[in-house]
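Novice: Chains as they are written, first to last, in the working numbering: chain Y, 1 to 188; chain C, 189 to 948.
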Amino acid sequence: MKKQFMKIALGIFFFSAFITSCKKNKIEEPNEDEVITTMKLTFVPVGGDNTLTYQFKDPDGAGGTAPTQDEIVLKPSKTYNVTVQLLNETKTPAENVTTEVAKEADAHRFYYEPAVGSNIVVSGLDNDGNDVPLGITSTWTTGTVATGKVVVTLRHYGGTPPGKAVGDLVNSSKSSTDIAVEFKIKVQ
Amino acid sequence: MAIVNNTITQPCNYILSGHVEDVDTKEKLVAASASIKETGKQIITNEKGDFVFTTLCAGEYTLIITHVSCDTVVKKIILTKNFHIDILMPHTRKVLGDVIVDAQKGIANTGYKKELSGRALEETKGLSLAEALSKINGVTMLQTGSTISKPVIHGLHSNRILTINNGVRQEGQQWGNEHAPEIDPFIADKLIVIKGVDELRYGSDAIGGVILVEPKPLRNKPGFAAEINSAYFTNNRQYVFSGVYEEQLKKQPAFRYRVQGTYKRGANIATPNYRLNNTGSEENNFSISAGWKKEKCNTELFYSHFATKVGIFNGSHIGNLTDLLNAIAAPKPNDVFLGQNTYQIQRPYQDVTHDLLKSKTVFYNGEHKFTVLLAGQFNHRKEFDIVRSSTNKNPQLDLSIYTITEDLSWEHPKKNNFIGIGGLSLMQQDNSYNGRYFIPNYFAYSFGGYYIEKWNKHQWELQAGLRYDNKNINTTRLKFNSDTINYDFNFSTFASSFNAIYKLTDNWRLNTNISLTSRAPYVNELLSDGIHHGTATYEKGDITLKPEHSINISAGINYQHPSKIFSIDVLLYSNNINNFIYQQPMPNNPVLTIAGAFPLMEYKQTNAVLSGFDISALIKPLPALDWVSKFSFLYARNKKLNDWLILMPANRLSNEVIYHLKDGEKIINTYLSAEMQNVMQQKNVPSDINGKQDYKAPPSAYTLINMNASATLQVYKTPVTISVGVRNLLNIVYRDYLNSMRYFTDEMGRNISARLKIQL
């Protein structure tokens with residue numbers, strides 16, 4: 001009786017060891033959905049000329065291969081209609097993240113901050129449904145020849161309701177950073 | 189009202205005798221009071237712990253046994269003939285809750301053992317496992333807000349601590365700082381922290397110690413019992429209901445079973461000045477156990493389900509280092525994250541389930557005892573972050589871990605003053621993830637074996653043990669373009685421990701221990717690769733890490749005054765850990781991402797030392813008054829960099845006075861207590877010379893006042909215990925160094941609790 005019992009116990013023991021050791025690790029597609037790999041700025045000059053595109057690109061997301069980034073080169077004394085586009089290129093086809101941002105416009109806001117002496121003025125940001133700036137489109141006006149920097153920031157409002165307001169600064173404690181990219185910029 | 193005295197015609201010459209022992213130490217309890225409520229007669233036990241009532245009539249009596257260091261025991265006795273009863277007295281908080289003087293009792297642990305049970309455990313009903321454990325001197329908590337907490341023993345936590353849930357090594361995602369143990373504290377009858385020889389039964393890697401969550405044994409008396417616990421907390425309107433029903437079948441006494449369940453729900457938490465949105469929590473747990481017990485063999489089946497959903501303060505969401513610095517600079521969170529008083533939980537939140545199925549069979553061959561323990565566990569952790577699209581219903585982090593363990597053990601009977609236990613352990617584990625990468629998919633299997641011998645004679649007690657484990661890990665990380673990155677690891681770890689106890693007299697006891705333990709690096713330390721949003725750092729693992737080796741030396745002294753008016757317990761320890769795995773800032777290599785540059789932290793190895801002492805003392809200035817004082821001190825250094833270790837608990841002192849009221853006719857176990865808890869400022873933090881590790885200085889020292897009162901009433905023969913308590917009585921504003929929310933918010937304000945326990 002005792003021996004039988006021992007046999008049964010050992011049987012269970014080895015059987016469970018056996019079934020688990022034969023099990024294969026399943027391979028699933030990772031579906032990380034909050035990644036932004038690419039930010040493209042498209043500059044359409046007012047009054048005609050070539051459309052310009054500058055981008056920040058980190059095709060494998062944070063970490064791994066270092067991102068690449070263009071220098072923005074614009075002509076002096078010109079006005080550009082600028083559109084920003086965000087992509088997740090870890091997915092095929094690439095996912096257009098701008099549409100998500102546009103859908104949740106009352107919880108997002110772009111800021112464009114040229115450094116002093118860059119001779120750039122950014123204005124005319126588009127608004128969300130509550131007439132608060134969103135900034136998917138904007139107007140950039142250049143002055144005389146200069147080199148400088150511009151920081152493009154996308155802020156995300158985490159509250160419910162988001163509480164987004166016209167006067168919110170880029171470092172508002174209501175929102176947190178989804179994107180913060182500093183471009184070198186040249187007016188020449 | 190319980191007097192049955194229709195026995196006038198019968199002679200009143202029955203004898204009721206009894207013997208009183210401490211349930212744990214088996215010490216005969218001298219000077220315990222035995223009284224019969226109906227007759228009002230009281231007898232004090234003699235030096236053998238015995239008492240005798242004579243000239244009793246037949247009838248139903250209520251026997252009340254009280255002893256200075258024990259919980260009161262009430263027994264109903266129907267007397268129809270001469271009767272003898274053995275009474276085992278449970279410990280109470282009066283014996284320092286945590287100072288256990290174990291005597292000769294089978295394979296019992298006699299080294300470092302600190303226990304939370306009885307009334308001290310009752311006072312934590314409704315709190316989390318880590319909060320309960322932190323009542324033990326030397327144990328603190330690592331927190332994420334007020335709702336996520338994990339235990340820290342002498343400065344060590346997560347993978348350096350083993351949690352043994354009902355005999356099974358808990359396998360969840362315990363590596364993360366914001367991953368709380370997935371255990372319902374209502375399952376436990378005792379929470380025990382052990383170190384030394386006995387930890388070898390559970391693993392070679394318990395560098396920090398082992399936590400045992402021990403349920404009550406199944407009922408061993410025909411009939412049934414039930415207990416209902418409920419609690420309400422005013423701060424976050426949290427309510428808890430927990431019930432347990434157990435039975436031993438009268439017709440088939442070999443069969444016993446128990447069902448147990450807990451429901452807990454809390455709304456948003458309030459600090460003294462503001463309420464934090466999205467800090468609610470919900471928990472749903474149940475367990476079923478059944479046992480079959482025969483003389484030579486008994487078997488037990490246990491299943492438990494744990495499910496929790498915990499909101500995380502949404503004002504703590506940060507995108508990059510600038511956000512973190514802004515948050516630190518702000519005196520309080522923005523108003524959009526404050527003020528909602530609701531039970532609703534929104535993103536970000538965690539949703540965690542843990543299932544455990546266990547079968548344990550014990551059988552005896554002569555005096556030899558064999559145990560076969562088989563267990564399966566499934567842990568599923570989903571983290572829902574703030575996402576851009578409100579239509580996104582997916583978790584952003586999704587980890588599943590399946591574990592099967594098989595343990596065999598053999599205990600030999602006492603021979604020539606030796607007792608011993610040996611065992612084999614096997615484990616197979618499958619971890620997989622979806623969504624954000626944190627740790628890779630892996631399959632791990634391990635095998636190990638241990639052997640422990642204990643010897644005791646006269647005043648000496650010696651124990652020694654060995655353990656070996658081998659762990660194989662095959663990892664697979666999936667890349668988005670369907671590439672995989674695979675790494676395989678194999679680690680062998682060895683542990684041994686020696687413990688010597690010398691009882692100078694009945695009142696003095698010395699205990700020294702030396703333990704060698706080794707812990708293999710966990711996959712997160714080997715293969716982490718990503719942004720840790722809570723600290724705005726980029727964490728990177730290192731595949732070349734080797735196992736940590738610890739040499740822990742400790743010495744303990746216990747003294748108890750013969751009249752029990754004074755007792756003291758001192759523990760000194762020094763834990764030297766070679767190849768200690770920690771995160772080293774790499775200030776010259778920030779990681780540039782689309783959200784800005786993140787400071788890089790790499791897992792590195794150093795030699796570390798964690799030394800310290802715990803002291804607790806009990807003084808009884810009056811028979812009804814206890815004063816319990818506890819102090820714990822820790823010193824934790826990175827020896828290679830000659831610097832402090834980060835995130836170590838601050839030194840702390842607690843003083844508590846407990847006043848016991850006399851037991852009345854219908855009210856017993858009445859007490860009032862007040863505690864003052866002083867947590868000092870952690871001044872020993874790493875300097876910035878080797879790279880900035882933290883952007884905010886540790887918060888200032890704080891003092892909390894907590895109070896409790898409790899009484900047990902007899903309502904229609906049913907003991908009903910009513911307790912009220914208050915934590916942070918003065919509603920002070922403070923932050924704690926070991927709470928990651930200290931960057932953003934104050935700690936919880938005043939919290940008044942009410943508890944009701946009914947034993948049917």
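Ideal Cβ placement from N, Cα and C applies to all residues, glycine included.
Between C/Ser898 and C/Lys945, what straight-line distance do the alpha-carbon atoms span, to the nearest angstrom?
Specialist: In the second sequence, counting from the first residue as 1, residue 898 of chain C sits at position 710. In the second sequence, counting from the first residue as 1, residue 945 of chain C sits at position 757. Whole-angstrom Cα-Cα distance: 11 Å.
Novice: Is it a yes or a no for the stretch 204 to 212 of chain C touching the stretch 256 to 275 of chain C, going by three-plus beta-carbon pairs under 8 Å?
Specialist: yes
Novice: Measure from the C-beta of C/Gly784 to each C-beta in chain Y and report whether the shortest distance is under 7 Å.
Specialist: Mapped onto the second sequence, residue 784 of chain C falls at position 596. Chain Y contact via Cβ: present.
Novice: Looking at the C-beta of Y/Cys22, does it have a partner C-beta in chain C at a distance below 7 Å?
Specialist: Along the first sequence, read from residue 1 onward, the residue named residue 22 of chain Y stands at position 22. With a pLDDT of 44 at Y/Cys22, under the threshold of 50, the predicted position of this residue should be treated as unreliable, and no value is reported.
Novice: Taking 6 Å as the limit between beta carbons, can you name the residues of its chain near C/Asp618, skipping five residues before and five after?
Specialist: In the second sequence, counting from the first residue as 1, residue 618 of chain C sits at position 430. Answer for C/Asp618: Tyr590 and Phe631, listed in chain order.
Novice: Name, going along the chain, the residues of the stretch 506 to 519 of chain C whose beta-carbon falls closer than 8 Å to a beta-carbon of chain Y.
Specialist: Ile506, Gly507, Asn508, Thr510, Asp511, Asn514, Ala515 and Ala518
Novice: Grouping DSSP H, G and I as helix and E and B as strand, with all else coil, what is C/Ser504?
Specialist: For the purposes of this step, residue 504 of chain C is identified with residue 316 of the second sequence, where counting begins at 1. In this structure, C/Ser504 counts as helix in the three-state DSSP scheme.
Novice: Do we get a CB-CB distance below 7 Å when we pair C/Thr933 with the residues of chain Y?
Specialist: What you label residue 933 of chain C is simply residue 745 of the second sequence in a count that begins at 1. No, C/Thr933 does not count as interfacial toward chain Y.
Novice: If you check the beta carbons only, do C/Ser861 and C/Ile877 fall under 7 Å apart?
Specialist: The count along the second sequence starts at 1 and reaches residue 861 of chain C at position 673. The count along the second sequence starts at 1 and reaches residue 877 of chain C at position 689. Not a contact, by the Cβ cut-off of 7 Å.
Novice: Counting only beta-carbon separations shorter than 7 Å, does Y/Asp168 have a partner in chain C?
Specialist: One-based indexing of the first sequence puts residue 168 of chain Y at position 168. Not one chain C Cβ lies under 7 Å of Y/Asp168.
Novice: Taking 7 Å as the threshold (beta carbon to beta carbon), is Y/Lys174 in contact with chain C?
Specialist: Within the first sequence, residue 174 of chain Y is the residue found at index 174, counting from 1. It does; some Cβ of chain C falls within 7 Å.
Novice: Which residues of the stretch 713 to 737 of chain C have a Cβ closer than 8 Å to any Cβ of chain Y? Give them in chain order.
Specialist: Asp717, Gly718, Ile719, Tyr726 and Lys728
Novice: Label C/Thr567 either buried or exposed according to how many other C-beta atoms from any shown protein chain fall within 10 Å of its C-beta, with 16 as the threshold for buried.
Specialist: As a first step, residue 567 of chain C must be located in the second sequence, where it is residue number 379. In the sequence as presented, Thr is not what sits at residue 567 of chain C; that position holds Asn. Buried, because 16 or more other Cβ atoms sit within 10 Å of the Cβ of C/Asn567.
Novice: Cβ of C/Ser634 less than 7 Å from any chain Y Cβ?
Specialist: Working through the second sequence from its first residue, we reach residue 634 of chain C at position 446. Output row for C/Ser634: interface = no.
Novice: Along chain C, in chain order, which residues have C-beta atoms closer than 9 Å to that of Y/Lys103?
Specialist: By one-based count along the first sequence, residue 103 of chain Y stands at place 103. Ordered by position in chain C, the residues that pass the 9 Å Cβ test against Y/Lys103 are Arg576, Ser577, Ser578 and Thr579.
Novice: Does DSSP put C/Ala838 in a helix, in a strand, or in coil?
Specialist: Locating residue 838 of chain C in the second sequence gives position 650, where the first residue counts as 1. Coil at C/Ala838, not helix or strand.
Novice: Does the beta carbon of Y/Ile185 come closer than 7 Å to any beta carbon on chain C?
Specialist: In the first sequence, residue 185 of chain Y corresponds to position 185, counting from 1. It does not: the Cβ of Y/Ile185 has no partner Cβ on chain C nearer than 7 Å.
Novice: How many Å lie between C/Asp539 and C/Asp573 at the Cα?
Specialist: Against the second sequence, residue 539 of chain C aligns to sequence position 351. Against the second sequence, residue 573 of chain C aligns to sequence position 385. C-alpha separation (whole angstroms): 11 Å.
Novice: Are the C-beta of Y/Asp126 and some C-beta of chain C separated by less than 7 Å?
Specialist: Locating residue 126 of chain Y in the first sequence gives position 126, counting from the first residue. Chain C, which has no Cβ nearer than 7 Å to the Cβ of Y/Asp126, makes this no.
Novice: Rounded to the nearest angstrom, what separates C/Tyr531 and C/Gln230 at their Cα positions?
Specialist: Your numbering for residue 531 of chain C matches position 343 in the second sequence. Your numbering for residue 230 of chain C matches position 42 in the second sequence. Spanning the two alpha carbons is a distance of roughly 52 Å.
Novice: Helix, strand or coil: how does DSSP classify C/Gly306 here?
Specialist: For the purposes of this step, residue 306 of chain C is taken as residue 118 along the second sequence, with counting starting at 1. Helix, per DSSP.
Novice: Would C/Gln361 be called buried (16 or more neighbouring beta carbons within 10 Å of its own) or exposed?
Specialist: Counted from its first residue, the second sequence places residue 361 of chain C at position 173. Around the beta carbon of C/Gln361, a 10 Å sphere encloses 16 or more other beta carbons of the protein chains shown; the residue is thus reported as buried.
Novice: Taking C-alpha atoms, which residue in C/Gln426, C/Asp377 and C/Glu359 lies nearest to C/Arg943?
Specialist: The residue given as residue 943 of chain C occupies position 755 in the second sequence. Taking only the C-alpha atoms, the option nearest C/Arg943 is C/Gln426.
Novice: Could you pull the DSSP bridge partners for C/Ala785 from this structure?
Specialist: Counted from its first residue, the second sequence places residue 785 of chain C at position 597. According to DSSP, C/Ala785 bridges with C/Leu780.
Novice: What does the alpha-carbon distance come out to for the pair C/His345 and C/Ile476?
Specialist: The residue you call residue 345 of chain C lines up with position 157 of the second sequence. The residue you call residue 476 of chain C lines up with position 288 of the second sequence. Straight-line spacing of the CA atoms in C/His345 and C/Ile476 works out to 29 Å.
Novice: Please confirm whether C/Asn166 has its beta-carbon closer than 7 Å to some beta-carbon of chain Y.
Specialist: Because chain C in this structure spans residues 189 to 948, residue 166 of chain C falls outside the shown range and cannot be described.
Novice: Nearest by alpha-carbon distance to C/Gly722: which of C/Thr450, C/Glu311 and C/Ala515 is it?
Specialist: Indexing the second sequence from 1 puts residue 722 of chain C at position 534. Out of C/Thr450, C/Glu311 and C/Ala515, C/Ala515 has the C-alpha closest to the C-alpha of C/Gly722.
Novice: Are C/Leu400 and C/Tyr638 touching if we call contact CB-CB under 7 Å?
Specialist: As a working note, residue 400 of chain C is residue 212 in the second sequence. As a working note, residue 638 of chain C is residue 450 in the second sequence. In this structure, C/Tyr638 does not lie closer than 7 Å to C/Leu400 by Cβ.
Novice: I'd like to know if the stretch 688 to 703 of chain C and the stretch 642 to 649 of chain C are in contact, where contact means that at least 3 CB-CB pairs between them fall below 8 Å.
Specialist: In the pairwise beta carbon analysis, the stretch 688 to 703 of chain C is classified as touching the stretch 642 to 649 of chain C: at least three pairs are separated by under 8 Å.
Novice: Using a C-beta to C-beta distance shorter than 8 Å, which residues of chain Y count as neighbours of C/Thr521?
Specialist: Numbered from its first residue, the second sequence carries residue 521 of chain C at position 333. The sequence shown places Pro at residue 521 of chain C, not Thr. The contacting residues are Ser173.
Novice: Out of C/Met929, C/Gly608 and C/Ser670, which has the shortest C-alpha to C-alpha gap to C/Asn365?
Specialist: Translated into positions along the second sequence, residue 365 of chain C becomes position 177. Considering only alpha carbons, the answer is C/Met929.
Novice: Please confirm if C/Val550 has its CB atom under 7 Å from at least one CB of chain Y.
Specialist: As a working note, residue 550 of chain C is residue 362 in the second sequence. Not an interface residue.
Novice: What is the residue span of the beta strand (DSSP E) that C/Ile727 lies within?
Specialist: In the second sequence, residue 727 of chain C corresponds to position 539, counting from 1. Sequence check: residue 727 of chain C is Glu here, not Ile. Taken as a continuous stretch (DSSP letters only), the beta strand (DSSP E) holding C/Glu727 covers Thr725 to Lys728.
Novice: So, does the stretch 494 to 504 of chain C touch the stretch 464 to 475 of chain C, judging by three or more C-beta pairs under 8 Å?
Specialist: yes
Novice: Applying a beta-carbon distance threshold of less than 8 Å, which residues of chain Y neighbour C/Val779?
Specialist: Your numbering for residue 779 of chain C matches position 591 in the second sequence. Correct list: Ala62 and Gly63.
Novice: Alpha carbon to alpha carbon, how far is Y/Asn171 from C/Asp286? Give it in angstroms, no decimals.
Specialist: As a first step, residue 286 of chain C must be located in the second sequence, where it is residue number 98. As a first step, residue 171 of chain Y must be located in the first sequence, where it is residue number 171. For C/Asp286, the predicted structure reports a pLDDT of 29, less than 50, and the residue's modelled location is therefore unreliable. The matter cannot be settled from this model.
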